[in-house]
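Heads up: the structure comes next, in structure tokens.
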Amino acid sequence: MTPVPVNPSTLPAPSGYSHGTLAGNTLHLGGQTALDADMRIVPGGIVEQFRQAFGNLLTTLREAGGRPEDLVSVTIYLTDIPDYQAHGKEIGKVWRELAGSVYPAMAGIGCTALWQPEAMIEILGVAVIPEERLVPPRA
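Numbering (this note's numbering), first residue to last: -1 to 137.
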């Protein structure tokens, strides 16, 4: 089995990475920050950055035929854990709005910085997509 990149056309074009890599029916979702289509980090704080970053991750998941309930693991890197915790209820509401009430194994990890200096959050994940829903990635 050869890993296949998954790069939705609606996300910023990757350079030196893939938004996702499909190996069999397992999709490894590359870290997503709160970049918008104009390659800018969305303003407004951690809740808005969570919405954009998680939305970007879900866009890649859907490109391969996946759904939020196919996520088996999510890792969230944060530059300010107390800020994330202070907005936990709002972030939980955004999660449920975008992904429903199914939660995969998760980890939150504090870090001093992310690739884009204004990024406060980066989210990566792993999903197992049922064979019957897999969408072959476009070349």
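Quick reminder that beta carbons are idealized off the backbone N, C-alpha and C, glycines included.
* To do: Kindly indicate which three-state DSSP category residue 114 falls into: helix, strand or coil?
  => coil
* Rounded to a whole number of angstroms, what is the C-alpha to C-alpha distance between residue 108 and residue 100? -> 24 Å
* **residue 22 beta carbon less than 8 Å from that of residue 37** => no
* Asked: Near residue 128, what residues of its chain come up, given a Cβ to Cβ distance below 8 Å and the 5 sequence neighbours on each side ignored?
  -> 23, 68
* What's the gap between the Cα of residue 114 and the Cα of residue 131? -> 34 Å
* Could you tell me whether the Cβ atoms of residue 119 and residue 75 are closer together than 8 Å? => yes
* Asked: How many angstroms separate the CA atom of residue 17 from the CA atom of residue 29?
  -> 7 Å
* How do the region 82 to 91 and the region 44 to 57 stand: do at least 3 beta-carbon pairs fall below 8 Å, yes or no? -> yes
* To do: Assuming residue 62 contacts residue 25 (C-beta within less than 8 Å), just tell me the rounded distance between them.
  => 5 Å
* Asked: If you run the structure through DSSP and keep just helix, strand and coil, what is residue 127?
  -> coil
* Tell whether a beta-carbon distance below 8 Å holds between residue 111 and residue 27. => no
* **Backbone secondary structure at residue 70 - three-state DSSP** => strand
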